[in-house]
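Only one structure is covered here, and it is reproduced in the block below.
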Amino acid sequence: MLKAAIVGASGYAGHQLALLCTRHPEIELTGLYVSPNSQDKDRRIDSLYGDLSGRCALPLQGLSLDKVPQVAQDLDVVFLATEHKTAHDEAPLFIAQGCCVCDLSGAYRVPERSFYERYYGFSHEHPELLAKAVYGLCEWCDPQALKEAQLISLPGCYPTASELALKPLYAANLLDESIRPVINAVSGVSGSGRKASLTNSFCEVSLNAYGLFTHRHQPEISYHVGHEVIFNPHLGNFKRGILATITAKLKQGATVAQCKQALDESYRDHPLVRVKEGTVKLQDVQGLPCCDLSVCGDDEYIVISSAIDNLLKGAAAQAMQACNLHFGFKEDCALW
């Protein structure tokens, strides 16, 4: 049995990870950690999340940076569902003790130090890990690299929905590379995290765009797709899920049928991406670990629709998918 821990376990993604770990036949969840000043410190996780009653009664322990090496000695894998800077600081310490790190933060997603100063507000101090981190978009990363990785950097939720839609079409040379695709994506309120603020108070939320031309996920998407995109994120007045509708110009001679074929062929052997007819629905993926894709269009333009649960395929389920592939388990073990 693998011994696993979750840091940032009181948050929404941490909660989903705890649920997945309790369902996994090859993982023993041995520790749940929060920041030392968290108001949830020393509470049992099932007192926060009732669906863990009878499954997990571990306490939420405070974890300071100096305690990480001691905690890491007894672990095979740790899931970091923390703030970006916290993951930046903790990941090297876990790795030094031989622990595999599945990082859900943005701390190691793009191997360029300047990216972090501009978009995350801190100077990256571990360029050697930036170069070694494997970007865990599981359907597209190198299987052998994933197996050998000590640090798996999981994509953001918006990038997951967007990259899964666009990468097959660029790989098949079907899109006009002179025209940037436009990604309009709507996320549920849980994407803002559990910490309360006026902007994510459910009664204050209205459907609105935010972060136009400034959102940190735009450069992440552009980097990993390999082409610049326009990214328009929106906050919706629902709890969970992301629906992205992506408009792109076809290369001359390319057809909608070829785009559909490219999606089908790219994901035929990947159980967590479903290519559908018509348009996809958010309700079809809420609570599930998969991405639903569809495409429609005319002779010049296509619209790719992509739907995920932001807390699952956009966070916890993708982390567990990467963990499964790293350790040689069935890709979707414990996810359905």
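Be aware that the sequence shown starts at 1, since it is given in the UniProt record's numbering, and climbs by one per residue.
For each residue, glycine too, the CB sits at the ideal point set by N, CA and C.
Have a look at residue i and residue j and give me their C-alpha separation to the nearest angstrom.
| i | j | result |
| --- | --- | --- |
| W336 | Y119 | 35 Å |
| D269 | D142 | 15 Å |
| K260 | S162 | 16 Å |
| S206 | K239 | 12 Å |
| G253 | H215 | 34 Å |
| I230 | I6 | 34 Å |
| L93 | S201 | 36 Å |
| I246 | P69 | 44 Å |
| P59 | V101 | 21 Å |
| V110 | G136 | 12 Å |
| K99 | L151 | Per the sequence shown, the amino acid found at residue 99 is Cys instead of Lys. Their backbone Cα atoms lie some 9 Å apart in a straight line. |
| V280 | N237 | 19 Å |
| Q61 | S294 | 43 Å |
| D332 | N324 | 7 Å |
| P289 | G241 | 11 Å |
| I302 | Q286 | 25 Å |
| A91 | K251 | 42 Å |
| Y116 | S178 | 27 Å |
| D299 | A185 | 24 Å |
| P271 | G328 | 16 Å |
| K330 | F122 | 37 Å |
| Y49 | F213 | 36 Å |
| A307 | S114 | 31 Å |
| H217 | S153 | 14 Å |
| D42 | H326 | 32 Å |
| R44 | L52 | 10 Å |
| Q97 | I183 | 41 Å |
| V189 | Y210 | 13 Å |
| A18 | D176 | 43 Å |
| V71 | L129 | 21 Å |
| F21 | C296 | Checking the displayed sequence, the identity of residue 21 turns out to be Cys instead of Phe. Approximately 38 Å, taken between the alpha carbons. |
| residue 340 | K147 | Residue 340 lies beyond the stretch modelled for the chain, which goes from 1 to 336, so this question has no answer here. |
| R194 | E277 | 35 Å |
| I95 | P25 | 24 Å |
| F79 | L29 | 11 Å |
| D264 | A57 | 42 Å |
| L174 | L282 | 27 Å |
| G54 | D284 | 28 Å |
Would you decide whether residue i is buried or exposed? Buried here means 16 or more other CB atoms lie within 10 Å of its CB.
| i | result |
| --- | --- |
| M39 | Note on identity: in this sequence residue 39 is Gln, with Met being the wrong assignment. So Q39 counts as exposed. |
| M1 | exposed |
| Q321 | buried |
| D292 | buried |
| A9 | buried |
| residue 349 | Here the chain comprises residues numbered 1 to 336, so residue 349 is not present and cannot be evaluated. |
| Q16 | buried |
| Q144 | exposed |
| A131 | exposed |
| D309 | buried |
| P127 | exposed |
| Q73 | exposed |
| Q318 | buried |
| L243 | buried |
| C203 | exposed |
| S266 | buried |
| G191 | buried |
| S47 | exposed |
| A87 | buried |
| G11 | buried |
| A262 | buried |
So residue i and residue j are in contact, right, with Cβ under 8 Å, and what is the actual spacing, rounded?
| i | j | result |
| --- | --- | --- |
| V273 | E83 | That belief does not hold up - the Cβ atoms of V273 and E83 are roughly 29 Å apart, past 8 Å. |
| D76 | K3 | 5 Å |
| S187 | P233 | 7 Å |
| R23 | A334 | 4 Å |
| residue 345 | I304 | Any question about residue 345 goes unanswered here, given that the chain covers just 1 to 336. |
| P181 | A248 | 4 Å |
| A81 | A13 | 4 Å |
Counting only C-beta atoms, is residue i closer than 8 Å to chain B at any point?
| i | result |
| --- | --- |
| V285 | Judged by its chain identifiers, the structure shown contains no chain B, having just a single protein chain. |
Query raised in the report: Which runs of the alpha helix (DSSP H) fall wholly inside the UniProt domain "Semialdehyde dehydrogenase NAD-binding" (3–148) and span at least 4 residues, in chain order?
Result: Within the UniProt domain "Semialdehyde dehydrogenase NAD-binding" (3–148), the complete alpha helix (DSSP H) runs of at least 4 residues are 12–23, 45–48, 68–72, 84–96, 113–119, 127–132, 143–148.
Report task. State whether the stretch 170–188 contacts the stretch 220–234, with contact taken as three or more CB pairs (one from each stretch) at a distance under 8 Å. Result -> Proximity of the stretch 170–188 to the stretch 220–234 meets the contact definition, three or more beta-carbon pairs being nearer than 8 Å.
**Report entry** Minimum length 4: unbroken alpha helix (DSSP H) runs contained in the stretch 144–217
**Finding:** 157–171, all fully within the stretch 144–217.
Query raised in the report: Are the stretch 297–316 and the stretch 152–159 touching, with three or more C-beta to C-beta distances below 8 Å?
Result: Output reads yes: the stretch 152–159 touches the stretch 297–316.
Query raised in the report: How about the stretch 28–43 and the stretch 100–114: do they share at least three Cβ pairs that are nearer than 8 Å?
Result: Verdict: no, contact absent.
Query raised in the report: Which runs of the beta strand (DSSP E), 3 residues or longer, sit entirely within the stretch 244–302?
Result: Qualifying beta strand (DSSP E) stretches, in chain order: 273–275, 291–297.
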